[in-house]
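In this text, residue positions in the sequence shown follow the working numbering: the first is 65, and each later residue adds one. We put the beta carbon where it would ideally sit given N, CA and C, even for glycine. On a predicted model such as this, the values are computed, not experimentally measured, just so you know. Accompanying notes for the structure given below.
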Amino acid sequence: MLNMSIPWWELVARSGLVYVFLIVIIRISGKRQIGQLAPFDLVLLLVLSNAVQNSMNGGDNSLAGGLISATTLIALNYLVGFATFKSKRIEAIVEGRPQLIIHNGKLYKDVMARMHLTDHELQSALRQAGCTCVDDVHSAVLENNGVLSVTRRKVLADAD
Numbered sequence: 065m066l067n068m069s070i071p072w073w074e075l076v077a078r079s080g081l082v083y084v085f086l087i088v089i090i091r092i093s094g095k096r097q098i099g100q101l102a103p104f105d106l107v108l109l110l111v112l113s114n115a116v117q118n119s120m121n122g123g124d125n126s127l128a129g130g131l132i133s134a135t136t137l138i139a140l141n142y143l144v145g146f147a148t149f150k151s152k153r154i155e156a157i158v159e160g161r162p163q164l165i166i167h168n169g170k171l172y173k174d175v176m177a178r179m180h181l182t183d184h185e186l187q188s189a190l191r192q193a194g195c196t197c198v199d200d201v202h203s204a205v206l207e208n209n210g211v212l213s214v215t216r217r218k219v220l221a222d223a224d
């Protein structure tokens with residue numbers, strides 16, 4: 065149960081490398097993927113976690129090995145969170161920056177394409193904000209967590 069087949073430092077190194085690899089891969093996949101998990105995205109995350117398990121434990125299925133790997137992942141997650149809190153540059157690298165999709169009724173299709181945001185997803189967010197079309201929008205921002213924040217334009221009262 066506690067007899068490990070590989071050294072503890074190898075478990076730490078393997079877990080660390082897998083953690084960094086997954087952050088990079090998830091970051092490359094885009095913001096939308098993080099905030100709006102479709103069923104196939106959830107399946108991907110589950111299969112991905114199973115796929116990297118063996119690369120982390122190196123065949124060591126001991127209790128101690130699992131605890132060392134888990135502790136390493138939690139520690140790295142804490143350190144990344146602390147680093148992104150302290151440094152705006154690291155935050156931008158790890159989490160990205162919000163992206164302006166609509167400003168004063170002008171839709172930025174190039175940003176939508178770069179962020180892999182579909183027209184259907186945009187229209188859904190606009191409807192949720194009570195907007196019937198892009199012209200009703202003051203700003204729409206794709207946040208770091210994948211949520212689309214929509215601010216309506218102010219309607220001026222008719223002057224009689």
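Short of 7 Å in beta carbon distance, which residues of its chain neighbour T148, apart from the five on each side in sequence? Order them along the chain. For the purposes of this step, residue 148 is taken as residue 84 along the sequence shown, with counting starting at 1. I154, E155, V158, E159, listed in sequence order.
Going by Cα to Cα distance, which pick from K150, H167, F85, L66 is closest to V205? Against the sequence shown, residue 205 aligns to sequence position 141. Residue H167 is the option with its Cα nearest to V205.
D183 versus Q117 - alpha carbon distance: Counted from its first residue, the sequence shown places residue 183 at position 119. Counted from its first residue, the sequence shown places residue 117 at position 53. If you take the alpha carbons of D183 and Q117, they lie about 37 Å apart.
So the beta strand (DSSP E) T196 belongs to, where does it begin and stop? In the sequence shown, residue 196 corresponds to position 132, counting from 1. Segment: none, T196 is in no beta strand (DSSP E) and carries neither H nor E.
Give, in chain order, every unbroken run of the alpha helix (DSSP H) that is at least 4 residues long and sits entirely within the stretch 126-202. 127-150, 152-159, 173-178, 183-192
When DSSP builds the beta bridges, which residues end up paired with R216? For the purposes of this step, residue 216 is taken as residue 152 along the sequence shown, with counting starting at 1. Per DSSP, V201.
Distance between beta carbons of R78 and S119, contact taken as under 8 Å: Residue numbering aside, residue 119 sits at position 55 when the sequence shown is read from its first letter. Residue numbering aside, residue 78 sits at position 14 when the sequence shown is read from its first letter. Their Cβ separation, rounded to whole angstroms, is 6 Å, which keeps S119 and R78 in contact under 8 Å.
So is G129 buried or exposed if we call it buried at 16+ other beta carbons inside 10 Å? Position 65 of the sequence shown, counting from 1, holds the residue named residue 129. Buried: at least 16 other Cβ atoms inside 10 Å.
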